[in-house]
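Chains as they are written, first to last, in numbering that gives the first Met the number 0: chain W, 0 to 217; chain C, 0 to 315.
Worksheet: the structure to be examined is printed underneath.
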Amino acid sequence: MRTLFLYITFKVLWRFFFSVIIGVRFIGSRKFNGHIQFIVASNHNSHADAVTLMTAIPNNKLSKTRPVAAADYFGRNKFISFVSWLFLNLVLIPRKRAKDSKEDDPIQIMNNVLKKGNSLILFPEGSRGESGKIQPFKKGIGFLMEKNREVPVIPVYMEGIGRVLPKGNKIILPSLTKIYVGDAVYFKKESPAEITKIIEQKVLALKEKSAKYKQNFN
Amino acid sequence: MDKLIASVNLSGEIQMVIGVILGILLLSSLLFWTWGLFRSSIGLSELKTRTKSWWGMATLFLLAALISPIITYIGIGFLSFAALREFYSVIQLRKSDRAGMLWCYLAIPIQYYLAYMGWYELFIIFIPVFMFIWIPFVLVLSGETKMIMTSMAGLPTSIMLCVFGLSHMAYLISLPSIPGFDPGGKGLLLFLIFITQMNDVMQFIWGKLFGKHKILPKISPNKTWEGFLGGVLSSMIIGYFMKFLTPLEDGEVILISFLIAGVGFIGDVVISAIKRDMGVKDMGESIPGHGGVLDRIDSLSMTTPIFFHLVYFFAY
């Protein structure tokens, strides 16, 4: 039931909206297929990012894929947090937390979700940045991967989505957007800091690929 | 549903032109295929991609234009939308222009609804008068004056190019029928698009075969005098033989074909100049071999209103 609901929401409504109206094109979305579980690590430019990525997730993984979002925004009140669960399947994590409290440790929350067999969509930049610029990745993803080495990370670079709904703006406008999906990366012995670095480099490499693609046209 | 498909009764003239279009496509596909058997090159595979895209575009256009008028209005409206979206994805605008851009998008359904209603007086002034006043005001309301002049010029231009010009195609369908002239608005639409696109193709072919003297080397290095003049001449000849799609006299049809060719060239180089300024080769990449939607309809955005008003002047 939940899968059907999410299927209609993402694969019919949002997909129509994003591909026909906004003009989103995925390059390599097949790379989401064939994994039992995965973590999508993407750059972050707008509130539309998570929804857009969800439209490309394979059908049978929809109900088990959960974008990670900030609790102070998407959990402002009970209604908004209910809606963001119902329509977006979000996992909420606190950006600021009380010191040494084990309960709201964001890594722990994400870890629990992963251990239940879910996949995650993560934005390691932490907050939305300016279109075309990638901020340094936060170390959290490294600590999370250290505990879940069997789960692959799929790097993603979204180009132009910052023009759809930029930070500090309420108007959604169509704008041709390309989303590059990279190859899955597995981690064996790397330290958390190294893991974070590698993922950051993979996303930057996709960005370079998009820039080269553009140059070919010039 | 009855209303949707009731009108698929095409006049003999239109059926003939559909045959001609499919014939040209078939012939060029066959030509490039046999050519490829003897010698293949990068240039040829580019031509093949282009021809494939022409098949797709012709099929889509014929379906949209001939099945039912409502689908024609929606289809041309979506063409305007896709062109405007490409335009905004390429040109540099400020964050404070977003409200203005939203209004420009909203102008599309309004303009096409006016065409559908056939309310000529409002259709013809809605964008050049009302939007021309409204858009700068919306920009002023944003409160940001730095570089506002560029946006005040760019936004109205964007809807003139992508919406106002193209919407005249939709109004062709709304024109009242003339007794004794069977093809009607559909015939006029077919004539306009056929001549404009054949003119593009002919300019390309003449330029490739005989092109030597460049017209505007800084803007469009592939455009030559030989290509341009050959294109104009070919368009006039093709236009003369397609006269049966229009309610016009011999001289009028030749004049209109001449102007379509000339103005089509203007539309082409105006969009090219914008692309140069923004440092891109194509406006988009939705049509393989051609670039974006706007790269294909750059000439149409200007030939359409010229064609419409000349036909309106001569025949109505």
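Heads up, the beta-carbon is just placed ideally off N, CA and C, and yes, glycines get one too.
Take residue i and list the residues in its own chain whose beta-carbon comes closer than 8 Å to its own, dropping the five residues that flank it on each side.
i: GLU193 of chain W; result: GLY141
i: LEU24 of chain C; result: THR50, TRP53, TRP54 and ALA57
i: ILE296 of chain C; result: LEU78, ALA82 and LEU165
Return yes when the Cβ of residue j is within less than 9 Å of the Cβ of residue i, no when it is not.
i: PHE313 of chain C; j: LEU187 of chain C; result: no
i: ALA49 of chain W; j: PHE4 of chain W; result: no
i: PHE86 of chain C; j: MET282 of chain C; result: yes
i: SER126 of chain W; j: HIS43 of chain W; result: yes
i: ILE7 of chain W; j: TYR179 of chain W; result: no
i: GLY181 of chain W; j: LYS60 of chain W; result: no
i: GLN36 of chain W; j: VAL150 of chain W; result: yes
i: LEU113 of chain W; j: LEU91 of chain W; result: no
i: TYR170 of chain C; j: TYR119 of chain C; result: yes
i: VAL162 of chain C; j: ILE90 of chain C; result: no
i: LEU228 of chain C; j: GLY266 of chain C; result: no
i: ASP96 of chain C; j: LEU154 of chain C; result: yes
i: SER88 of chain C; j: GLY22 of chain W; result: yes
i: ILE237 of chain C; j: ILE194 of chain C; result: yes
So is residue i in contact with chain C if we call contact Cβ pairs under 9 Å?
i: LEU205 of chain W; result: no
i: GLY27 of chain W; result: no
i: ARG14 of chain W; result: no
i: ILE160 of chain W; result: no
i: PRO66 of chain W; result: no
i: SER174 of chain W; result: yes
i: GLY167 of chain W; result: yes
i: ILE178 of chain W; result: no
i: GLY22 of chain W; result: yes
i: ILE170 of chain W; result: yes
i: PRO135 of chain W; result: no
Keeping to the same chain, check which residues put their C-beta closer than 7 Å to that of residue i; ignore five residues upstream and five downstream.
i: SER271 of chain C; result: ILE218 and SER219
i: ILE20 of chain W; result: PRO173
i: GLY117 of chain C; result: SER173
i: PHE317 of chain C; result: Nothing about residue 317 of chain C can be reported from this structure: the residues present for chain C run from 0 to 315 only.
i: LEU359 of chain C; result: Missing from the structure shown is residue 359 of chain C; chain C here goes from 0 to 315 and no further.
Let me see if you follow: with CB-CB separation under 9 Å, is residue i close to chain W or not?
i: ALA98 of chain C; result: yes
i: PHE80 of chain C; result: yes
i: TYR104 of chain C; result: yes
i: LYS213 of chain C; result: no
i: GLY55 of chain C; result: no
i: LEU154 of chain C; result: no
i: LEU62 of chain C; result: no
i: LEU101 of chain C; result: yes
i: GLU143 of chain C; result: no
i: TYR87 of chain C; result: yes
i: LYS217 of chain C; result: no
i: ARG84 of chain C; result: yes
i: GLY74 of chain C; result: no
i: GLY283 of chain C; result: yes
i: LYS242 of chain C; result: no
i: LYS47 of chain C; result: no
i: LYS94 of chain C; result: yes
Decide if residue i is buried, meaning its Cβ has at least 16 other Cβ atoms within 10 Å, or exposed.
i: LYS274 of chain C; result: buried
i: ASN65 of chain W; result: According to the sequence displayed, residue 65 of chain W carries Arg and not Asn. ARG65 of chain W is buried by the Cβ-count criterion.
i: LEU89 of chain W; result: buried
i: TYR115 of chain C; result: buried
i: VAL128 of chain C; result: exposed
i: ASN198 of chain C; result: buried
i: SER176 of chain C; result: exposed
i: GLU207 of chain W; result: exposed
i: GLN196 of chain C; result: buried
i: ALA260 of chain C; result: buried
i: VAL139 of chain C; result: exposed
i: ILE158 of chain C; result: buried
i: ALA210 of chain W; result: exposed
i: PRO304 of chain C; result: buried
i: GLN14 of chain C; result: exposed
i: ALA47 of chain W; result: buried
i: TRP32 of chain C; result: exposed
Excluding the 5 residues preceding and the 5 following residue i in the sequence, name in chain order all residues of the same chain whose CB lies nearer than 6 Å to its CB.
i: ILE255 of chain C; result: LEU309
i: GLU18 of chain C; result: One point to set straight first is that residue 18 of chain C is Gly, not Glu, in the sequence displayed. Answer for GLY18 of chain C: no residue qualifies.
i: PRO24 of chain W; result: Note that residue 24 of chain W is Arg in the sequence shown, not Pro. For ARG24 of chain W, where only same-chain residues beyond five positions count, the Cβ hits under 6 Å are LYS177.
i: GLY206 of chain C; result: THR223 and GLY226
i: ILE105 of chain W; result: According to the sequence as given, residue 105 of chain W is Pro; it is not Ile. Once the five neighbours on either side are set aside, the close Cβ partners of PRO105 of chain W are ILE92.
i: ASN221 of chain C; result: none
i: PRO57 of chain W; result: PHE31 and ASN32
Verify the contact flag: residue i, CB atom, against every heavy atom of the ligand MN, threshold strictly below 8 Å.
i: SER28 of chain W; result: In terms of ligand content, the structure shown is empty, and the ligand MN therefore cannot be addressed.
Beta strand (DSSP E) runs contained entirely in the region 94-174 of chain W, provided each spans 3 or more residues: 118-121 and 152-158
If we require 4 or more residues per run, which alpha helix (DSSP H) segments fall completely within the region 232-281 of chain C? 249-277
Would you list, in sequence order, the uninterrupted beta strand (DSSP E) runs of no fewer than 3 residues that lie entirely inside the region 1-43 of chain W? 23-26 and 38-41
What ranges does the alpha helix (DSSP H) occupy inside the region 25-81 of chain C, keeping only unbroken runs of at least 4 residues that lie completely in it? 41-65
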